[in-house]
Amino acid sequence: MFSDREDSLKIISPRIPRQIVPLDDLPAVFTAGEEDIEGVAIENGALQSARLSSFSLTNSRIQKTSFAESKIAGFGVKNVEFVQCDMTMARFADASWHVAELRSSRCSGMQLDTAHLQNVRFADCKLDLINFRFAKLTNVIFESCVVREMDFYGATLKNVAFVDCEIDAVGFSDAKMQGVDLTGAQLIDIKNVGSLKGTIISSDQLVYLAPQLAVTNGIGIRDE
292 MFSDREDSLK IISPRIPRQI VPLDDLPAVF TAGEEDIEGV AIENGALQSA RLSSFSLTNS
352 RIQKTSFAES KIAGFGVKNV EFVQCDMTMA RFADASWHVA ELRSSRCSGM QLDTAHLQNV
412 RFADCKLDLI NFRFAKLTNV IFESCVVREM DFYGATLKNV AFVDCEIDAV GFSDAKMQGV
472 DLTGAQLIDI KNVGSLKGTI ISSDQLVYLA PQLAVTNGIG IRDE
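Structure, rendered in structure tokens:
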């Protein structure tokens, strides 16, 4: 799946070690002051409303775990899979995610402002009201996701693809973009279409956006 796109974007998917340790008492790890966790399998964990800083997770698989309304500043993630997790209203400012995949997860209202994401895939996720302000995204794929009211203000996007997504009320104002592929998405509404420099769209999408582009550039339209 997406082999051609992955080759062109040089996406690196997580490779979780076979020998990972099941971790049952997750809250106890944090109360013990652990800041770095590596090589664990967590399922049905509960981290909602957690308050942590400079916490990192490496070579791990996280399933059916709630991060809802948690606040983890500087959340470091490397070679990690998140599956069916709840990240609703989680705040991950200044996060650093490298080689990560989020699948079938709820991420409504998640805050990733000023984060750095590289080689990250979001698949079958609910991604409405996501804050990517001033974030840096490199080699990132959004696949079969609900993408609504996502904010990329001032962000830097390089080699980013939206595939089988409905894009509605998404804003790219003041974003710096290179190789941002929208051709596989359904464009419902883009805030400030004049900010799409650096994106790739299809001819059909261009026709759809033409009236908004004309208004943005002060072009009048009159049919005889």
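Per my numbering, the sequence shown runs over residues 292 to 515. Where a beta carbon is used, it is the ideal one built from N, C-alpha and C, also for glycine. Note that the structure is predicted; figures quoted are calculated from it, not measured.
Check	Outcome
Beta-carbon proximity list for residue 456, same chain, < 6 Å, skipping 5 on both sides	433, 436, 438, 476
Extent of the continuous beta strand (DSSP E) to which residue 333 belongs	331 to 334
Contact check, residue 413 vs residue 443, beta carbons under 7 Å	no
C-alpha distance - residue 301 paired with residue 496, whole-angstrom precision	26 Å
Residue interval of the beta strand (DSSP E) (run including residue 472)	467 to 482
Residue 465 to residue 315 span [Cα, whole Å]	44 Å
Simplified DSSP state of residue 500, which is helix, strand or coil	helix
Pairwise C-alpha distance: residue 470 and residue 295	A caution first: residue 295 carries a pLDDT of 43, below 50, which makes its placement in the model too unreliable to give a value.
Buried or exposed (CB count within 10 angstroms, at least 16 for buried), residue 502	exposed
Sequence-distant residues of its chain with Cβ nearer than 6 Å to residue 467 (five each side left out)	447
Expected contact under 8 Å - CB spacing of residue 386 and residue 361 to nearest Å	About 12 Å; that fails the 8 Å criterion.
Environment of residue 485 [buried if 16+ CB atoms lie within 10 Å]	exposed
Counted within 10 angstroms of its Cβ, other Cβ atoms place residue 417 as buried (16 or more) or exposed	buried
Rounded C-alpha distance that separates residue 312 from residue 375	19 Å
Three-way DSSP call (helix, strand, coil) for residue 485 in this model	helix
In DSSP terms, what residue 417 is bridged to	397, 437
For residue 494, the three-state DSSP class (helix, strand or coil)	helix
Selection from 440, 441, 431, 391 that minimises the alpha carbon distance to residue 449	431
Classification of residue 359 by the beta-carbon crowding that lies within 10 angstroms, buried from 16 upward	buried
Spatial neighbours of residue 293 in its chain, beta-carbon cut-off 6 Å, leaving aside the 5 residues before and after	At residue 293 the pLDDT is 42, less than 50, meaning the model places this residue with poor confidence; the figure from the coordinates comes in the next sentence. Around residue 293: no qualifying Cβ.
Where residue 459 sits in the DSSP three-state scheme	strand
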